[in-house]
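A.B. asks: Please read through the structure below; I'll follow up with questions.
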Amino acid sequence: MISDRRRYQGALAGPVVVVLLAALSGCSIGPRYKAPGAPPVGRYTHRPAPTTLAGTHGPAGASQHFHYGVSPRVRWWRAFRSRALDTLIAAALKNNRTLAADRARLLEARAVVAADAGIFYPQINANLGALRQKSPGGSSGGHLPGIYSLYTGGLSVSYYPDVFGANRLVYNSAHAQAQYARDQLLAAQLSLIGNVATTAVQAASYRAQIRATRRIIARETELLSLTRIQYRTGAVSYLSVVNQESQLATNKAALPALLQKLALARYALATLIGRFPAQWRPVHLRLSSLHLPRNLPVSLPSVLARERPDIRAATEELRYANAEIGIADAQFYPIVQITGSIGQESLTVGHFFNAASTVWGLGANLLAPLFHGGTLRAQRREALELYAGARATYQQTVLGAFQQVAGSLRALEHDAEALRAEGDAYAASREALRLAKNSYRAGAIDSLSLLTTEALYSQARIAYVRAEAQRYLDTVALYTALGGSPLAPRPNKATPGHAATSVTSATPQRNAP
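The opening residue of the sequence shown carries number 734 in the numbering used here; numbering runs sequentially from there.
As C-alpha cells, then:
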C-alpha cells in the first residue's frame, strides 16, 4: 500500500513541477537592454571641411581627397606603400607585451563565459563509497550488527531552472565582459599601430633634420672662417664676426636636441616592438620611401560610433552594467532548485547490484529572501550607479572620438596649406642657390654670399622636412581616429537564448564633416 502511494506521488511530482515551471517561465526581471542610438550630429566639424586639400610638389605634396561615407580598410597602413613601415608594424603586432596581456585577458574572459554557460544545464555527479562503522551499544534497533560495512554508489542531479531569468543575466554579464575584452584588444592594436607609424615617421623626420643641420653647421663654419679673414683685412666689422659666431652656436645647439629626439624615438620603437633598446637593430624608415595616400576615407558619424573599438568597448560596459541591474533585481526573487538521485546501498558487496538495494530520491527546494538588513536594496542602488557611470563613460568616449576626428580633419587641411607655403619657400631658396652658384662662377659674388645662400637653403630644407613629416603624421592620426583596425570587424552573433543586439543607427548622411 505504501509502495503504491509512493509510486503515485512520484508519478504526480513530475507533471506538477513541469506545470509550475511553465507558469513561471514567462517571468523576466531586470531592465531590457537598449543599445545607444546614433550620435545626434551629421558631421564632425562646425563648418564643412573641403573635399580636396591643397597640393604642392614633392612626395608629400600630393593633393589629398576626402571620401565621405567610406570606412578605412582593414590594414590601412599599407596605403603608405612602405616595406619598412609594414615590417615595424608586423613585428609590433607579434611581439608587443601589452597586446600579449590583452590577449590573455580576452582568453580569460572567454573562459569565464564558457564556465557560466554551464549554469543552464543540470549538474550531474557520481559517487562511490565504502564505510566500515560500529553502532553505539553494539547494535542499532536489532537490525544491524554492532560492526558493519556499508557500500554506496549512484548518481546525483542538481538543477537550478532559470525561472526568472537570473541565470541568463549572469551569462549576459560575462558575455559583455568578454566582448569588452575583445574590443579593448582591438583598441590596443589600433593604438599600437598608430604609435609605431607616428614614431617611425618622427624618427625619419629627425634623421632628415639632422642631415640638414649638419650641412648648415658645415656651411656656417666655413662662413665664420671667411668672415674672420674679411675682418682681418678690414672688409667687415667685428659685429659681423660676432653675428656669425652666434648663428653657428645656435645651430650647433640644435643638433644635440635632434639627436636626443632620434634616440628616444628609436628606444620607443624598440619597446613597442617588444625588444630591449640595446638589443634592437632599428629599421630605418626614410620619408622619401613613404607614399602619401591621396584618397582618405571619412566614416559617417553613425558608422564611427559602431566601428571604433573604444566606443564598442564602452557600449559593452553599458551592456554589462545593465545586466548587473537585473542580477541585483534577481536577488529579491526566490531561487528554485530541483534535485534527484539514484543509486545502490548494501551491507555486502554481493548484494550491491540487487534490485532491493536500489535507492532513489527526488526533491525541490525554494529559497526566498525575507530580511537582509537593506543589503539587497543597497546592491541595487550600486548597480544603478554603475550603469549611470557606464553611460557617462560611453558619452565621453563618443565625444572624445569626434574631437579626434574633427581635429585630424582640420590638421590635414591646415598642414596641407602649410606644406604648400614651405614648399614655395623651399623652391625659392633652391632657385636662389642655383642663381648664387652661377653668379659665383661668373665672379659676380664672393664665396661669403654663396655660403650664406647655401645656409638659407638648408634652413628652408629643414622647415620643409618638418612640414612634410607633419602631413604623414596627420594622415596616420586620421586613420587612427576613425578606428581602422588590423582585425576583421566583430561578427554580431546571438548568444544562447539571447537575440543579438545591434546599435541603432541614423539614416546615413552624406554631409561633409
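Backbone N, C-alpha and C fix where the C-beta goes; we use that ideal spot for every residue, glycine too.
Remember, predicted model here, so these are calculated numbers, not experimental data.
Taking DSSP as the reference, what is the three-state secondary structure of Gln-1064?
C.D. replies: Three-state DSSP puts Gln-1064 in coil, outside helix and strand.
A.B. asks: With a threshold of 8 Å, are at least 3 pairs of Cβ atoms found where one atom belongs to the region 908 to 916 and the other to the region 798 to 817?
C.D. replies: Touching, no, given that fewer than three Cβ pairs across the two stretches are closer than 8 Å.
A.B. asks: Please name the residue, chosen from Ala-844, Tyr-964, Arg-1008, Arg-843, that lies closest to Leu-821 on a Cα-to-Cα basis.
C.D. replies: Closest option to Leu-821, Cα to Cα, is Arg-1008.
A.B. asks: Could you say if the region 859 to 869 and the region 879 to 895 meet the contact criterion of at least three C-beta pairs nearer than 8 Å?
C.D. replies: Output reads yes: the region 879 to 895 touches the region 859 to 869.
A.B. asks: May I ask you to list the residues that DSSP assigns as paired with Tyr-1053?
C.D. replies: Paired residue(s): none; Tyr-1053 is not in a bridge.
A.B. asks: What residue does the alpha helix (DSSP H) around Ser-1172 start on, and which one ends it?
C.D. replies: That run of the alpha helix (DSSP H) goes 1108 to 1175.
A.B. asks: Let's test the definition: count the other Cβ atoms within 10 Å of the Cβ of Pro-1222 and tell me whether it reaches 16, buried, or not, exposed.
C.D. replies: Any reading at Pro-1222 must be qualified, since the residue scores a pLDDT of 40, below 50, and its modelled position is unreliable; the value itself is stated next. With fewer than 16 other Cβ atoms within 10 Å, it is exposed.
A.B. asks: If Ile-1094 and Ser-1074 are in contact, beta carbons under 8 Å, what's the gap, nearest whole angstrom?
C.D. replies: According to the sequence provided, residue 1094 is Gly. The question's Ile does not apply to it. Right, their Cβ atoms sit about 5 Å apart.
A.B. asks: Expressed to the nearest angstrom, what Euclidean distance is found between the alpha-carbon atoms of Leu-786 and Gly-794?
C.D. replies: Roughly 10 Å between the two C-alpha positions.
A.B. asks: Using only alpha-carbon positions, find the residue among Arg-915, Tyr-854, Ile-1060 that is nearest to Tyr-892.
C.D. replies: Closest by alpha carbon: Tyr-854.
A.B. asks: Just list the residues that DSSP pairs Tyr-766 with in beta bridges.
C.D. replies: Its beta-bridge partners do not exist; DSSP assigns none.
A.B. asks: Check the C-beta distance from Trp-809 over to Leu-818 and give it rounded, since I have them as a contact under 8 Å.
C.D. replies: That pair is no contact at about 11 Å.
A.B. asks: Take Arg-1163 as the anchor and find which of Ala-1188, Ala-1139, Arg-961 has the nearest alpha-carbon.
C.D. replies: If we check each option's Cα against that of Arg-1163, Ala-1188 comes out closest.
A.B. asks: DSSP state of Pro-1030, grouped into three classes?
C.D. replies: It is a strand residue.
A.B. asks: Give the C-beta separation of Ala-1214 and Ser-1141 to the nearest angstrom, bearing in mind that I take them to be a contact with Cβ-Cβ under 8 Å.
C.D. replies: Indeed they touch by this definition, with Cβ atoms about 5 Å apart.
A.B. asks: Along the chain, where does the alpha helix (DSSP H) that runs through Asn-900 open and close?
C.D. replies: Start and end: 899 to 965.
A.B. asks: Is it the case that the region 824 to 834 contacts the region 996 to 1012, given that we only count it when at least three CB pairs across the two stretches are under 8 Å?
C.D. replies: The region 996 to 1012, when compared against the region 824 to 834, does touch it at the 8 Å Cβ threshold.
A.B. asks: Buried or exposed, going by whether 16 or more other CB atoms sit within 10 Å of the CB of Ala-1200?
C.D. replies: Buried, because 16 or more other Cβ atoms sit within 10 Å of the Cβ of Ala-1200.
A.B. asks: Using three-state DSSP, classify Ala-1203 as helix, strand or coil.
C.D. replies: Going by the sequence as given, residue 1203 is Gln instead of Ala. In this structure, Gln-1203 counts as helix in the three-state DSSP scheme.
A.B. asks: Can you tell me whether DSSP reads Leu-1018 as helix, strand or coil?
C.D. replies: Coil at Leu-1018, not helix or strand.
A.B. asks: For Phe-897, does the count of other Cβ atoms within 10 angstroms reach 16, so buried, or fall short, so exposed?
C.D. replies: Per the 10 Å Cβ criterion, buried.
A.B. asks: DSSP three-state call for Arg-808: helix, strand or coil?
C.D. replies: Here Arg-808 sits in coil by DSSP.
A.B. asks: Could you tell me which of Gly-1059, Pro-783, Leu-957, Leu-1020 sits nearest to Pro-764, measuring between CA atoms?
C.D. replies: Nearest C-alpha to Pro-764: Gly-1059.
A.B. asks: Considering just the uninterrupted stretch of the alpha helix (DSSP H) at Arg-865, what are its terminal residues?
C.D. replies: Not the alpha helix (DSSP H): Arg-865 falls in the beta strand (DSSP E), residues 856 to 867.
A.B. asks: Run the CB neighbour count on Pro-1224, radius 10 Å, all protein chains shown included, and call it buried at 16 or more, exposed below.
C.D. replies: Confidence at Pro-1224 is low in this model, with a pLDDT of 40, below 50, so its placement is unreliable and the value that follows should be read with caution. So Pro-1224 counts as exposed.
A.B. asks: Going by CA-CA distance only, name the one from Ala-1056, Gly-862, Ala-937, Gln-922 that's closest to Ala-1082.
C.D. replies: The sequence shown places Val at residue 1082, rather than the Ala named in the question. For the residues Ala-1056, Gly-862, Ala-937, Gln-922, the minimum Cα distance to Val-1082 belongs to Gly-862.
A.B. asks: Classify Ser-1021: buried if its beta carbon has 16 or more other beta carbons within 10 angstroms, exposed otherwise.
C.D. replies: That one is exposed.
A.B. asks: Helix, strand or coil for Tyr-1190? Go by DSSP, reduced to three states.
C.D. replies: Looking at Tyr-1190 - three-state DSSP - the assignment turns out to be helix.
A.B. asks: Under three-state DSSP, which class holds Ala-1038?
C.D. replies: Three-state DSSP puts Ala-1038 in a helix.
A.B. asks: Which of helix, strand or coil does DSSP assign to Asn-984?
C.D. replies: Helix at Asn-984.
A.B. asks: Determine the DSSP secondary structure at Leu-888, reduced to helix, strand or coil.
C.D. replies: If DSSP states are grouped into helix, strand and coil, Leu-888 belongs with the strands.
A.B. asks: When you compare the CB positions of Val-974 and Arg-965, do they come within less than 7 Å of one another, or not?
C.D. replies: No.
A.B. asks: Looking only at its chain, what residues have a beta carbon closer than 6 Å to the beta carbon of Ser-815, apart from the 5 residues adjacent to it on each side?
C.D. replies: Contacts found: Ser-1022, Leu-1023.
A.B. asks: Going by the CB atoms, is the gap between Leu-1099 and Val-1138 shorter than 7 Å?
C.D. replies: Taking 7 Å as the Cβ cut-off, Val-1138 and Leu-1099 do not qualify as a contacting pair.
A.B. asks: Tell me whether Thr-789 sits in a helix, a strand or coil according to DSSP, three-state version.
C.D. replies: Correct three-state label for Thr-789: coil.
A.B. asks: Using the C-alpha atoms, what's the distance from Tyr-913 back to Asp-835?
C.D. replies: Using only the alpha carbons, I get a separation of about 11 Å.
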